[in-house]
Amino acid sequence: MTPAAIVSKLWNYCNVLRDDGMSYGDYVEQLTYLLFLKMADERTKPPYNQTSNVPADYSWPMLLKQDGDELFDHYRHTLENLGNEKGLLGLIFNKSQNKFQDPAKLRRLIVDLIGSENWSVMSADVKGDAYEGLLEKNAQDTKSGAGQYFTPRPLIQAIVDVIAPKPGETISDPACGTGGFLLAAHDSLVDNHPHMTKNERKKLKDGTFKGWELVQSTARLCAMNLILHGIGSSPAPNGQVGPDSNLPLAVSDSLAADPGDRFDIILTNPPFGKKSSTTIVAEDGKVGKEKEIIERDDFWATTSNKQLNFIQHVKTLLKQHGRAAVVVPDNVLFEGGAGETIRRKLLHECDVHTILRLPTGLFYAQGVKANVIFFDRKPASETPWTKKLWIYDLRTNVHFTLKTNPLKRSDLDEFVQLYNPGNRQQRTATWNEENPSGRWRCYDYEDLIARDKASLDIFWLKDDSLEDSDNLPEPGVLAAEIVEDLQTAMEQFREIAADLSEKEELS
């Protein structure tokens, strides 16, 4: 069965369960628990003959024996007890709950939908792609907020294509969401290096990847995604990864401290949104907000802005000459104060060589104007490492929508070609005075630091819709862009209002 057919089969059943009030996110979580138990049971049989780490009382065969109210009670106890286990079981089942309202519908999912397939004999491509399909459908449900953990896969693919990981390199995502960057890097290594040595293949399974995810429910989905794609150490005789694997995934706040690990490649899309804050209730009952300012010796500046902190954190995680690609909102490119300090330090201590300006309409989280900033960490130097910054503008006069005109990998072909991953020193600008519509332009270091606040928010193309009303995008695209602009403005006004309120309380 193809990934699309499996997704369709599983997703159609979700529509039945929605009548019972189950959300898309809840459904994917319940599928994750049941898939894990089914696969763990499959691995105990030939040709694998593995010992399962799932206690017999809470195994798949025990679930199959139950029906009606007994099934509900047993399923609830199974989730509860497995959530108290250590290691991978705890990672998958921690804080898990039964979200079904009708035992007959749970029984149908167990017997007819998950029980009817042998998941372990499917290739990692089939079952992994099927699960990815479910995660994307979940991200499309804007009410759930799951979109903030889902980076568009064509964008991830293009980023991985230009970073071009090689066998033996270590790869990390300190805000890994459901694992999109790690999986794309894995697939790139497998596809582009078919003749890896035995040791290289072993390291690819166990020792190449490391991810951090703060939100437990998202980490659970990431863990299952990694398992289904075959990432993690494997005791299986056929080399596949099963539910007994050790996964390279930590559920924690990656910004809290320097973990000490260093990597050749960092690929990440840190969470966008508000600055971190904690609600404080004083003795007199007054409620206030206290910004969570990250103070670390390895950081250039102290700030409560998460995105600026992630840029500093990524620099720390990189090995010397390691390379990074980080998705950041526009404010990281132009914000003053700590933002300016961090940009100046980054330009000096790293080779900040490329920025990809992204169009609107890419992300399931609305109101996002984003960029991808590419930089390499370098050794200490009195002279700045950044010599030239190349910018590709995929935003001006480019319009995408999530449904009617979604981003395709081919839309990034020109960027990938001009980036020239094989030899970055041999780049050619497409912009010049004779071709003012060229999207690929270079700026010298001296020009960058001379700009107000060392702003990297640079654009040069004329917006056609401002010049000629006949060039306006479709009404639906225009409406979506207006919504995104308003939401971005509202977010900025909220931060200003919060800052003013804090100053009033202190005065």
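Read in order, the letters of the sequence shown correspond to residues 66 to 572 in this note's numbering. Cβ coordinates follow ideal geometry from the N, Cα and C atoms, glycine included. On a predicted model such as this, the values are computed, not experimentally measured, just so you know.
Limits of the beta strand (DSSP E) - the one that leucine 383 falls within: Residues 383 to 394.
Three-state secondary structure (DSSP) of glutamate 278: Of the three classes helix, strand and coil, the one that applies to glutamate 278 here is strand, per DSSP.
Length of the line joining the Cα atoms of phenylalanine 428 and leucine 467: So the two alpha carbons sit approximately 8 Å from each other.
Range of the contiguous alpha helix (DSSP H) that encloses serine 73: 68 to 83 is the span of the alpha helix (DSSP H), which, as asked, contains serine 73.
Three-state secondary structure (DSSP) of phenylalanine 558: Phenylalanine 558 falls in the helix class under three-state DSSP.
Buried or exposed by the 16-neighbour rule on C-beta atoms within 10 Å, applied to threonine 273: So threonine 273 ends up on the buried side.
Buried versus exposed, by CB contacts within 10 Å (16 or more), valine 176: The residue in question, valine 176, is exposed, as its Cβ has fewer than 16 Cβ neighbours within 10 Å.
Histidine 386 classed as buried or exposed, judged by whether at least 16 other C-beta atoms fall within 10 angstroms: Flag for histidine 386 reads exposed.
Endpoints, the beta strand (DSSP E) within which arginine 422 is located: Counting along the chain, arginine 422 sits inside the beta strand (DSSP E) bounded by residues 415 to 422.
Chain-order list of residues whose beta-carbon lies under 8 Å from that of threonine 367 (same chain, five-residue window excluded): For threonine 367, the CB contacts under 8 Å within the same chain, skipping 5 residues up- and downstream, are Ile358, Ile359, Glu360 and Ala403 in chain order.
Residue range of the unbroken alpha helix (DSSP H) whose run includes arginine 141: Its alpha helix (DSSP H) spans residues 133 to 148.
One or two residues paired with valine 316 in a DSSP bridge: In DSSP, valine 316 forms a bridge with Glu278.
Contacting residues, own chain, Cβ-Cβ under 6 Å from alanine 189 (five flanking each side not counted): Cβ neighbours of alanine 189 beyond the five flanking positions: His294 and Gly295.
Short Cβ contact (7 Å threshold) for valine 417 with leucine 423: It is not a contact, given that the beta carbons lie outside the stated cut-off.
Start and end residues, beta strand (DSSP E) containing alanine 435: For alanine 435, the enclosing beta strand (DSSP E) begins and ends at 435 to 442.
Residue environment, threonine 425, which counts as buried when at least 16 other CB atoms sit within 10 Å: Under the 10 Å beta carbon count, threonine 425 is surrounded by 16 or more other beta carbons and is classified as buried.
Residue(s) in a DSSP beta bridge with asparagine 163: Looking at the DSSP output, asparagine 163 bridges to nothing.
Member of Leu269, Thr216, Ile407 and Asp362 whose CA lies at the smallest distance from the CA of valine 433: With distances taken between Cα atoms, valine 433 lies closest to Thr216.
Length at least 4, wholly inside the region 87 to 122: the alpha helix (DSSP H) runs in chain order: Runs of the alpha helix (DSSP H) inside the region 87 to 122: 89 to 107.
Alpha carbon of lysine 527 to alpha carbon of glycine 276, nearest angstrom: Whole-angstrom Cα-Cα distance: 40 Å.
Residue environment, valine 521, which counts as buried when at least 16 other CB atoms sit within 10 Å: Rather than valine, the amino acid found at residue 521 in this sequence is leucine. Counting other Cβ atoms within 10 Å of its Cβ, leucine 521 reaches 16 or more and is therefore classed as buried.
Per-residue DSSP class, three states only, for arginine 504: Coil, per DSSP.
Member of Ser161, Asp441, Pro449 and Thr419 whose CA lies at the smallest distance from the CA of asparagine 573: In the structure displayed, the chain extends from 66 to 572; residue 573 sits before or after that span and is not available.
Chain C within 7 Å of phenylalanine 375, Cβ atoms only: Looking at the structure shown, chain C is missing, and only one protein chain is on hand.
Cβ-Cβ distance between aspartate 512 and asparagine 462 below 7 Å: Remark: C-beta atoms of aspartate 512 and asparagine 462 do not approach each other more closely than 7 Å.
Aspartate 476 - DSSP class collapsed to helix/strand/coil: Aspartate 476: helix per DSSP, three-state reduction.
Lysine 453, enclosing beta strand (DSSP E) - first and last residue: Run containing lysine 453: 453 to 458, per the beta strand (DSSP E) assignment.
Threonine 333 in three-state terms, based on DSSP: Here threonine 333 sits in strand by DSSP.
Validate contact between the region 373 to 387 and the region 329 to 337 using beta carbons, cut 8 Å, 3 pairs: Contact between the region 373 to 387 and the region 329 to 337 is present, because at least three Cβ pairs lie under 8 Å.
Proximity to glutamine 95 [Cα-Cα], best of Pro501, Leu454, Lys164 and Asp318: That would be Lys164, whose Cα lies nearest to the Cα of glutamine 95.
Proximity to glutamate 479 [Cα-Cα], best of Thr495, Val81 and Pro471: Of the candidates Thr495, Val81 and Pro471, the one whose C-alpha sits nearest the C-alpha of glutamate 479 is Thr495.
At least three beta-carbon pairs within less than 8 Å, the region 503 to 512 to the region 380 to 394: They do not touch, by the three-pair rule.
The region 445 to 463 / the region 195 to 205 touching (three or more Cβ pairs under 8 Å): Taking a contact to require three or more Cβ pairs closer than 8 Å, the region 445 to 463 and the region 195 to 205 do not qualify as touching.
Contact check, glycine 148 vs asparagine 159, beta carbons under 7 Å: Cβ atoms of glycine 148 and asparagine 159: closer than 7 Å.
Cutoff 8 Å; reference tyrosine 510; Cβ partners in own chain excluding five residues on either side: So the qualifying residues of the chain are Leu412, Pro449, Thr451, Lys452, Lys453 and Leu454.
Own chain partners of alanine 315 with C-beta closer than 6 Å, once the 5 adjacent residues on each side are dropped: Once the five neighbours on either side are set aside, the close Cβ partners of alanine 315 are Trp277.
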